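Numbering (the working numbering), first residue to last: 1 to 168.
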């Protein structure tokens with residue numbers, strides 16, 4: 001089922017602010033292999049001109065995906081999340097995210113398209129500080145695979161499913 005074009009422009013406000021802590025930054029930095037001391041050591045971050053430890057640039061995906069999940073859960077959209085793969089992601093940072101930030105994210109549907117039997121939805125996530133300063137703009141394109149491709153069984157990747165040629 002093709003996604004509804006009328007969703008372009010629809011806005012999904014943040015449900016609750018996200019409090020960025022040093023520990024969350026350290027955990028994310030460790031997970032992605034970001035070893036720069038500014039992600040782990042407050043003194044190193046301050047010496048580099050930051051108010052506290054700063055998050056790796058891809059940390060914003062935590063907030064953008066949280067906002068996107070609100071959109072995906074909208075029953076009016078009719079998105080079958082079991083068929084969704086992440087097609088593209090980009091970030092435009094206006095300043096680093098740092099420990100102590102209280103961030104809110106608003107997601108806006110920028111585009112809905114159908115190509116080759118797949119539905120694509122592009123979502124812009126504006127991440128703002130408590131004072132409404134724009135910190136990061138994240139864009140994600142989600143691809144809802146067509147119904148001629150079986151969804152990946154629970155616990156398996158879509159790539160493995162498609163590599164095996166599984167069809168419904």
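In this text, a Cβ means the ideal position worked out from N, Cα and C, and glycines have one as well.
Values in this document were obtained by computation on a predicted structure and should not be read as measured data.
If you count every other CB in all the chains shown that lies within 10 Å of the CB of residue i, and 16 or more means buried, which is it?
i: residue 63; result: buried
i: residue 109; result: buried
i: residue 14; result: buried
i: residue 46; result: exposed
i: residue 169; result: This structure cannot speak to residue 169, because the chain is shown only from 1 to 168.
i: residue 119; result: buried
i: residue 165; result: Bear in mind that a pLDDT of 45 at residue 165, under 50, signals an unreliable position, so the model cannot answer this.
i: residue 2; result: exposed
i: residue 79; result: buried
i: residue 81; result: exposed
i: residue 159; result: In this prediction, residue 159 has a pLDDT of 48, which is less than 50 and means its spatial position is unreliable; what the coordinates show is noted afterwards. Classification for residue 159: exposed.
i: residue 136; result: buried
i: residue 34; result: buried
Check for me: the beta strand (DSSP E) holding residue i runs from which residue to which?
i: residue 136; result: 134-144
Along the chain, where does the alpha helix (DSSP H) containing residue i start, and where does it finish?
i: residue 68; result: 60-72
i: residue 54; result: From DSSP, residue 54 is part of no alpha helix (DSSP H); its letter is neither H nor E.
i: residue 7; result: No alpha helix (DSSP H) contains residue 7, which DSSP labels as neither H nor E.
i: residue 20; result: No alpha helix (DSSP H) contains residue 20, which DSSP labels as neither H nor E.
Under 8 Å, Cβ to Cβ, is there at least one residue of chain D near residue i?
i: residue 52; result: Absence of chain D from the displayed structure is noted, only one protein chain being present.
If you check the beta carbons only, do residue i and residue j fall under 8 Å apart?
i: residue 39; j: residue 60; result: no
i: residue 42; j: residue 32; result: no
i: residue 134; j: residue 94; result: yes
i: residue 8; j: residue 111; result: yes
i: residue 91; j: residue 57; result: yes
i: residue 29; j: residue 84; result: no
Please confirm if the segment 96-106 is in contact with the segment 119-126, defined as three or more CB-CB distances below 8 Å between the two stretches.
The segment 96-106 and the segment 119-126 touch, with no fewer than 3 CB-CB distances between them shorter than 8 Å.
For the structure I just gave you, are there three or more beta carbon pairs, one from the segment 9-21 and one from the segment 89-102, closer than 8 Å?
The segment 9-21 vs the segment 89-102: in contact.
Write down every uninterrupted run of the beta strand (DSSP E) in the segment 88-140 whose length is 3 residues or greater and which is fully enclosed by it, in chain order.
With a minimum length of 3 residues, the unbroken runs of beta strand (DSSP E) contained wholly in the segment 88-140 fall at 102-115 and 118-128.
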